[in-house]
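Student: In this text, residue positions in the sequence shown follow my numbering: the first is 315, and each later residue adds one. A virtual CB, placed ideally from N, CA and C, is assigned to each residue, including glycine. To start, I am sharing the structure in question, which I have written as structure tokens.
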Amino acid sequence: MPVAVPFGVYVHIPFCASRCDYCDFATWTDREHLIDAYVTACVTDLTRRRVSGLPVATSVFFGGGTPSLLAAEQLTRILDAVERTEGAEVTVECNPDSVDAAKLGAYRRSGVSRLSLGVQSMVPHVLAALGRTHDPANVRRAVALARDAGFARLSVDLIYGTPAESPDDWQRSLDGALALGVDHVSAYALTIEPATALGRQVAAGAPAPDDDLQADAYVRADSVLAAAGLEWYEVSNWARPGEGCRHNELYWTGGEYVGIGCAAHGHTDGRRWWNVRTPERYIAAISGSASAIAGSEELDPETRAEEAFSLALRTRAGAVANDRAAAVVSDLAGQGLLERGLVEEQGARIVLTRPGRLLASDLTARLLLAGAASSGSGPGPGHPAALALGTIEC
Ligand SMILES: C[S@@+](CC[C@H](N)C(=O)[O-])C[C@H]1O[C@@H](n2cnc3c(N)ncnc32)[C@H](O)[C@@H]1O
Ligand code: SF4
315 MPVAVPFGVY VHIPFCASRC DYCDFATWTD REHLIDAYVT ACVTDLTRRR VSGLPVATSV
375 FFGGGTPSLL AAEQLTRILD AVERTEGAEV TVECNPDSVD AAKLGAYRRS GVSRLSLGVQ
435 SMVPHVLAAL GRTHDPANVR RAVALARDAG FARLSVDLIY GTPAESPDDW QRSLDGALAL
495 GVDHVSAYAL TIEPATALGR QVAAGAPAPD DDLQADAYVR ADSVLAAAGL EWYEVSNWAR
555 PGEGCRHNEL YWTGGEYVGI GCAAHGHTDG RRWWNVRTPE RYIAAISGSA SAIAGSEELD
615 PETRAEEAFS LALRTRAGAV ANDRAAAVVS DLAGQGLLER GLVEEQGARI VLTRPGRLLA
675 SDLTARLLLA GAASSGSGPG PGHPAALALG TIEC
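Structure representation (structure tokens):
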């Protein structure tokens with residue numbers, strides 16, 4: 315049987331029960347009345363794309379917002395509209411508050427193979443400081459329900475460096491996550507977004523996260539997770555061998571995918587494109603037989619090479635051997651990065667060391683400049699390494 319070319323479908327579900335204090339994602343807490351029309355629009359969008367030759371998907375990712383806020387029938391209606399390869403990876407982001415046995419059983423029967431739980435912390439006062447509505451007991455309950463429904467592949471999202479979080483609290487969260495028996499952890503440093511409750515508190519004088527403490531927390535996460543058999547495979551992601559998220563790996567290797575739903579991004583035929591931002595505009599566009607795409611950009615070869623380099627450098631595989639990498643490697647000694655132990659050469663690849671991962675964005679920018687200077691081209695438009703972090707308009 316021929317091996318399917320990797321192709322991803324990202325579906326954005328822009329609804330949440332409440333807004334967490336740190337979150338600036340494209341999601342709404344007062345639009346429940348739109349959910350049914352939104353689901354219909356996603357199905358219509360997918361059906362039209364299938365008619366015009368959408369490749370068979372090797373991975374599907376429901377992200378949000380809170381996909382698990384949808385009734386099981388609504389989510390599976392969207393999933394049924396995606397033509398998938400046998401064994402396609404299908405991930406649903408779930409809030410521990412919004413899952414139950416019936417919902418998870420229906421997901422499993424319809425082909426969902428992986429759940430990503432928004433846990434953030436296993437310590438009640440840290441959860442409260444983040445404005446989360448669940449407690450650690452809800453997380454344990456959600457994981458037990460997922461196991462009962464037959465889910466072998468579970469991931470948790472954690473956030474570190476909340477000002478209310480002590481090193482011991484972070485250790486408790488890591489231990490608590492591992493005690494759940496998950497095979498994948500995504501851990502993000504708390505970022506203060508200006509247009510959020512935390513952003514306003516910090517602007518009014520509340521303490522911001524401390525860079526040094528966040529660096530310590532990263533190092534602790536990397537040691538604790540690795541000791542438990544979860545190796546880093548991207549700067550913010552750890553997994554048991556073979557359990558990396560294939561959908562995210564597609565993003566990091568410059569693969570092709572479509573974005574369904576408002577604020578979703580796609581990358582097809584050498585173009586990057588993004589949909590209208592709000593659910594209302596998405597529903598209106600699709601139900602009016604119009605395109606929901608709000609903008610796009612063609613990636614010239616230079617930009618493409620820069621992006622590929624930035625994304626690859628964030629992964630354990632490192633930046634692949636190509637002209638740019640070769641130019642950069644020859645310049646590394648000049649920059650002192652090898653001597654300072656921030657990057658290492660593995661054959662013709664450049665791989666970030668643990669201290670290097672702490673400085674991933676800065677290092678990528680420096681290496682891109684070095685590569686551009688060595689290859690005689692300009693620095694290019696400068697796509698930040700943060701590009702690696704998501705495919706929705708935040
Ligand atoms: C869009 S959320 C989806 C998960 C689900 N809605 C939930 O929260 O339970 C994806 C993840 O992004 C991370 N995230 C969102 N805003 C962040 C911020 N300001 N700083 C760090 N991580 C953030 C959180 O870990 C969150 O679980
Ligand atoms: S973190 Fe998740 S649950 Fe909280 S507001 Fe953002 S998308 Fe919604």
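1. Considering Cα atoms alone, identify which of ARG586, TYR571 and VAL590 is closest to VAL323.
2. Give the straight-line distance between the Cα atoms of ALA420 and VAL413, rounded to the nearest whole angstrom.
3. Quick one: is THR343 buried, meaning 16 or more other Cβ sit within 10 Å of its Cβ, or exposed?
4. The beta strand (DSSP E) spanning GLY419 covers which residue range?
5. Report the rounded CA-to-CA distance for ALA340 versus THR358, giving the unit in angstroms.
6. Counting only beta-carbon separations shorter than 8 Å, does LEU418 have a partner in chain D?
7. In chain order, what residues of the same chain have a beta carbon less than 6 Å from the beta carbon of GLY569, not counting five sequence neighbours either side?
8. Are the stretch 368-386 and the stretch 589-603 in contact at 8 Å, needing three or more beta carbon pairs?
9. Quick check: is any heavy atom of ligand 2 less than 7 Å from the C-beta of ARG454?
10. Specify the secondary structure class of GLU680 as computed by DSSP and reduced to three states.
11. Taking the alpha helix (DSSP H) that HIS448 falls in, what are its first and last residues?
12. So, are the CB atoms of ALA511 and GLY445 less than 8 Å apart?
13. Can you tell me whether DSSP reads ALA598 as helix, strand or coil?
14. Any heavy atom of ligand 2 closer than 7 Å to the CB of ARG514?
15. Which partner residues of ALA501 appear in the DSSP bridge assignment?
16. Looking only at DSSP bridge pairs, what is VAL665 linked to?
17. What does the alpha-carbon distance come out to for the pair GLY575 and THR372?
18. Just to confirm, does ARG333 get its C-beta within under 7 Å of one of the non-hydrogen atoms of ligand 2?
19. Go ahead and label SER610 buried or exposed: buried means 16 or more other beta carbons lie within 10 angstroms of its beta carbon, across all protein chains shown.
20. Considering only residues of the same chain and omitting the five flanking positions on each side of HIS711, which have a CB-CB separation below 7 Å?
21. Assuming contact is defined by CB atoms lying nearer than 8 Å, are GLY432 and GLU407 in contact in what I supplied?
22. Have a look at ARG534 and GLU612 and give me their C-alpha separation to the nearest angstrom.
23. What residue from ARG514, ALA541 and ALA355 has the CA that sits closest to ILE327's CA?
24. Quick one: does the C-beta of GLU408 sit closer than 7 Å to a heavy atom of ligand 2?
25. Specify, as a first and last residue, the run of the alpha helix (DSSP H) that SER373 falls within.
26. I'd like the span of the beta strand (DSSP E) that includes ASN589, first residue to last.
27. If we ignore side chains and look at the alpha-carbon of each, how far apart do VAL396 and ALA386 end up?
28. May I ask you to verify whether the stretch 516-533 touches the stretch 361-368, counting CB pairs closer than 8 Å and requiring at least 3?
29. Expressed to the nearest angstrom, what Euclidean distance is found between the alpha-carbon atoms of GLY556 and TYR565?
30. Going by Cα to Cα distance, which pick from ARG560, LEU627, THR667 and LEU348 is closest to VAL374?
31. Report yes if the C-beta distance between LEU492 and VAL457 is below 8 Å; otherwise report no.
32. Using 10 angstroms around the beta-carbon of GLY655, count the other beta-carbons present and answer buried if the total reaches 16, otherwise exposed.
33. Can you list, in chain order, the residues of its chain whose CB lies under 7 Å from that of ARG345, leaving out five sequence neighbours each side?
34. Tell me, please, which residues DSSP counts as bridged to LEU488.
35. Under three-state DSSP, which class holds TYR547?
36. Say yes only if the C-beta of LEU475 is nearer than 7 Å to one or more non-hydrogen atoms of ligand 2, and no if none qualify.
Tutor: Based on what the coordinates show:
1. Against the sequence shown, residue 323 aligns to sequence position 9. Ranking the options by Cα distance to VAL323, first place goes to TYR571.
2. Within the sequence shown, residue 420 is the residue found at index 106, counting from 1. Within the sequence shown, residue 413 is the residue found at index 99, counting from 1. Each residue's alpha carbon lies about 11 Å from the other.
3. Reading the sequence shown from its first residue, position 29 is the one you call residue 343. With fewer than 16 other Cβ atoms within 10 Å, it is exposed.
4. Taking the first residue of the sequence shown as 1, we reach residue 419 at position 105. Here GLY419 belongs to no beta strand (DSSP E); instead the alpha helix (DSSP H) covers 415-423.
5. Stepping through the sequence shown from its first residue, residue 340 is reached at position 26. Stepping through the sequence shown from its first residue, residue 358 is reached at position 44. Cα to Cα, the separation comes out at about 21 Å.
6. Looking for chain D here will not work: only one protein chain is present.
7. Counting from one through the sequence shown, the residue named residue 569 turns up at place 255. Excluding positions up to five away in sequence, the list reads PRO320.
8. no
9. To locate residue 454, count along the sequence shown from 1; it is residue 140. False, no ligand heavy atom lies under 7 Å from that Cβ.
10. On the sequence shown, residue 680 is found 366 positions in, with the first residue counted as 1. Going by the sequence as given, residue 680 is Arg instead of Glu. Helix, per DSSP.
11. Here residue 448 refers to the residue found at position 134 when the sequence shown is read from its first residue. HIS448 -> no alpha helix (DSSP H), and no H or E assigned at all.
12. Within the sequence shown, numbered from 1, the residue matching residue 511 stands at position 197. Within the sequence shown, numbered from 1, the residue matching residue 445 stands at position 131. Closer than 8 Å, so yes.
13. Numbered from its first residue, the sequence shown carries residue 598 at position 284. Here ALA598 sits in helix by DSSP.
14. Counting from 1 along the sequence shown, the entry for residue 514 is found at position 200. Incorrect: ARG514 has no Cβ contact closer than 7 Å to ligand 2.
15. Position 187 of the sequence shown, counted from the start, is the residue given in the question as residue 501. Paired residues: LEU472.
16. Locating residue 665 in the sequence shown gives position 351, counting from the first residue. VAL665 is bridged to GLU658.
17. To locate residue 575, count along the sequence shown from 1; it is residue 261. To locate residue 372, count along the sequence shown from 1; it is residue 58. Rounded to whole angstroms, GLY575 to THR372 spans 19 Å at the Cα level.
18. Locating residue 333 in the sequence shown gives position 19, counting from the first residue. Yes, ligand 2 has a heavy atom inside 7 Å of this Cβ.
19. Translated into the one-based positions of the sequence shown, residue 610 becomes position 296. So SER610 counts as exposed.
20. The displayed coordinates of the chain run from 315 to 708. Any statement about residue 711 would go beyond what the structure contains.
21. One-based indexing of the sequence shown puts residue 432 at position 118. One-based indexing of the sequence shown puts residue 407 at position 93. Contact flag set, yes.
22. Taking the first residue of the sequence shown as 1, we reach residue 534 at position 220. Taking the first residue of the sequence shown as 1, we reach residue 612 at position 298. Distance between the alpha carbons of ARG534 and GLU612: 40 Å.
23. Here residue 327 is taken as the residue at index 13 of the sequence shown, counted from 1. Of ARG514, ALA541 and ALA355, the residue nearest in Cα terms is ALA355.
24. Position 94 of the sequence shown, counted from the start, is the residue given in the question as residue 408. Per the sequence shown, residue 408 should be read as Cys rather than Glu. No; taking the cut-off as 7 Å, the Cβ of CYS408 has no heavy atom of ligand 2 nearer than that.
25. If you number the sequence shown from 1, residue 373 lands on position 59. Unbroken run through SER373 is the beta strand (DSSP E), 371-378; no alpha helix (DSSP H).
26. Along the sequence shown, read from residue 1 onward, the residue named residue 589 stands at position 275. First-last of the beta strand (DSSP E) with ASN589: 585-589.
27. If you number the sequence shown from 1, residue 396 lands on position 82. If you number the sequence shown from 1, residue 386 lands on position 72. Each residue's alpha carbon lies about 16 Å from the other.
28. no
29. Taking the first residue of the sequence shown as 1, we reach residue 556 at position 242. Taking the first residue of the sequence shown as 1, we reach residue 565 at position 251. Near 17 Å, if we compare the C-alpha coordinates of TYR565 and GLY556.
30. Residue 374 sits at position 60 when you count from the first residue of the sequence shown. Minimum Cα distance to VAL374 is reached at ARG560.
31. Here residue 492 is taken as the residue at index 178 of the sequence shown, counted from 1. Here residue 457 is taken as the residue at index 143 of the sequence shown, counted from 1. No. Outside cutoff.
32. For the purposes of this step, residue 655 is taken as the residue at position 341 of the sequence shown. Classification of GLY655: exposed, given that the 10 Å Cβ count is below 16.
33. Within the sequence shown, the letter at position 31 stands for residue 345. The residues are PHE329 and PRO593.
34. Counting from one through the sequence shown, the residue named residue 488 turns up at place 174. LEU488 pairs with nothing; no bridge assigned.
35. Along the sequence shown, one-based indexing puts residue 547 at 233. If DSSP states are grouped into helix, strand and coil, TYR547 belongs with the strands.
36. Along the sequence shown, read from residue 1 onward, the residue named residue 475 stands at position 161. For the record, residue 475 in the displayed sequence is Gly; it is not Leu. Every heavy atom of ligand 2 is 7 Å or more from the Cβ of GLY475, so no.
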